[in-house]
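First comes the structure, then the notes that go with it.
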Amino acid sequence: MANTLQATVTLNNGIQMPWFGLGVYLAKEGQEVVDAVKSAIRTGYRSIDTAAAYRNEEGVGQAVREALQENDLRREDLFITSKVWNSHQGYETTLASFHESLERLQLDYLDLFLIHWPVKEKYKDTWRALEKVYSEGKVRAIGVSNFQVHHLEDLLIEAKVVPAVNQIELHPYLTQKELRTYCQSKGIQVEAWSPLGQGNLLTHDTIKTIAGKYGKSAAQVILRWDLQSQIITIPKSVHEARIVENADIFDFSLSAEDVEAIDGLNRNQRFGSDPDNFNF
Ligand code: NAD
């Protein structure tokens, strides 16, 4: 279990990934994303989750370069994730997209590269491209996002490399028990996107009551629940005070009863799209 902001989990290929990171979906390219990423790294975050589709990789790269200097860090102290977008899936187009992400970020390598969504008829060719850049040492780990059990089963028939990570929508209204159990059985680490339900879960009575007991905020309780459930979490904020607040979860522990109470809020409710029925 993570007991500090920089604690890491060992992925199935032996590399270390921080349990906690900053998500930058909808953080605007330019000053907004630069400031958010720099605030996070200054606070002690070491993992940043971006994607080609977020259109802010240049800003993330700029922030990384500046933060390395200002905080006396080395590139290898950080863990940078990006993802190939649906329109670029397929073998050659994914190879091109990977290199474009590196170029925009101005990095020599990525720590993790993910297939953003399981585009039918394409994700296996996309995966072969990820295996290629992985074999060339240009990315330290490869994984998927929004893959259901049946997508993973299908992928694993031909895959030479088992995905290191599956990044999925996961929060107290969508606890994803079955998919988590499957991933665990295959050595695939689960990572939560929209861990705060895009902010929608922060006013839930049960969460607020639990938060009150520990003198913590609703966001802190949910993020702590992720970590105690062995789930990597990447809450998004562009506000420094919230970036600091979200990471301040290493001085308390939820009781087993409270973890269970949060598990019990599951309604299989998504705030994002359904991986079996998306049209983008
Ligand atoms: P989130 O659940 O992290 O919620 C973020 C929102 O919650 C913020 O915009 C803000 O309004 C609010 N918030 C954050 N901290 C708060 C605090 N302390 N107090 C009050 N409000 C607070 O939602 P998200 O951005 O959708 O998900 C996080 C990250 O997951 C994204 O930035 C992205 O990196 C990743 N993601 C991936 C996918 C995918 O398909 N792989 C999809 C969506 C998101």
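In my numbering, the protein residues as written are 179 to 458.
Built from N, CA and C at the ideal position, the CB exists for glycine as well.
About 5 Å separates the Cβ atoms of Ala185 and Trp197, confirming a contact at the 8 Å cut-off.
Beta-bridge annotation (DSSP): Pro196 is paired with Thr186.
Distances from the CB of Tyr223 to the heavy atoms of ligand 1 are all 8 Å or more. The alpha-carbon separation between Arg220 and Asn249 amounts to approximately 7 Å.
Spanning the alpha carbons of Leu352 and Thr411 requires a straight line of approximately 14 Å.
Taken in chain order, the complete alpha helix (DSSP H) segments of 4 residues or longer contained in the stretch 192 to 256 are 209 to 221, 235 to 248. Between ligand 1 and the CB of Thr182, the shortest heavy atom gap is not smaller than 8 Å. CA-to-CA, the gap between Ile385 and Leu273 works out to about 43 Å.
Take the alpha-carbon of Leu443 and the one of Leu308: they are about 36 Å apart. Rounded to the nearest whole angstrom, the CA to CA distance from Gly222 to Glu244 is 15 Å.
Considered as a whole, the stretch 342 to 421 harbours 343 to 347, 367 to 371 as its complete beta strand (DSSP E) runs of no fewer than 3 residues, in chain order.
Secondary structure in the stretch 260 to 293: the alpha helix (DSSP H) runs of 4 residues or longer, each lying completely within the stretch, are 269 to 283 in chain order.
Ligand 1 never approaches Thr353 closely enough for any of its heavy atoms to be under 8 Å from the residue's Cβ. DSSP, read as helix, strand or coil, puts Ser323 in strand.
By the C-beta density criterion, Leu405 is buried, having at least 16 other C-beta atoms within 10 angstroms. Between the C-alpha atoms of Ile335 and Val327 there is a straight-line separation of about 13 Å. According to the DSSP secondary-structure assignment, Val317 is paired through a beta bridge with Leu288. Collapsing the DSSP output to three states places Asn424 in a helix. Using a 10 angstroms sphere on the CB of Gln240, the tally of other CB atoms reaches 16 or more, which defines it as buried.
Non-local beta-carbon contacts of Leu256 in its own chain, meaning distances under 6 Å to residues more than five positions away in sequence, involve Arg224 in chain order. Judged by beta-carbon spacing, Pro341 lies beyond the 9 Å limit of Pro453, meaning their Cβ atoms are not closer than that value. Distances from the alpha-carbon of Gln367 to those of Gln408, Gln398, Val317 put Gln408 closest. With fewer than 16 other Cβ atoms from the protein chains shown falling within 10 Å of its own Cβ, Ala434 counts as exposed. With distances taken between CA atoms, Gln354 lies nearest to Ala370 out of Val339, Val343, Ala370.
Between ligand 1 and His349, a heavy atom-to-CB distance of less than 8 Å is present. When the alpha-carbon of Gly450 is set against those of Leu183, Tyr203, Ala180, the nearest one is in Tyr203.
When Glu347, Phe430, Ser323 are compared, the shortest CA-CA separation from Lys394 is found for Phe430. The criterion of a C-beta distance shorter than 9 Å is satisfied by Gly237 and Glu210.
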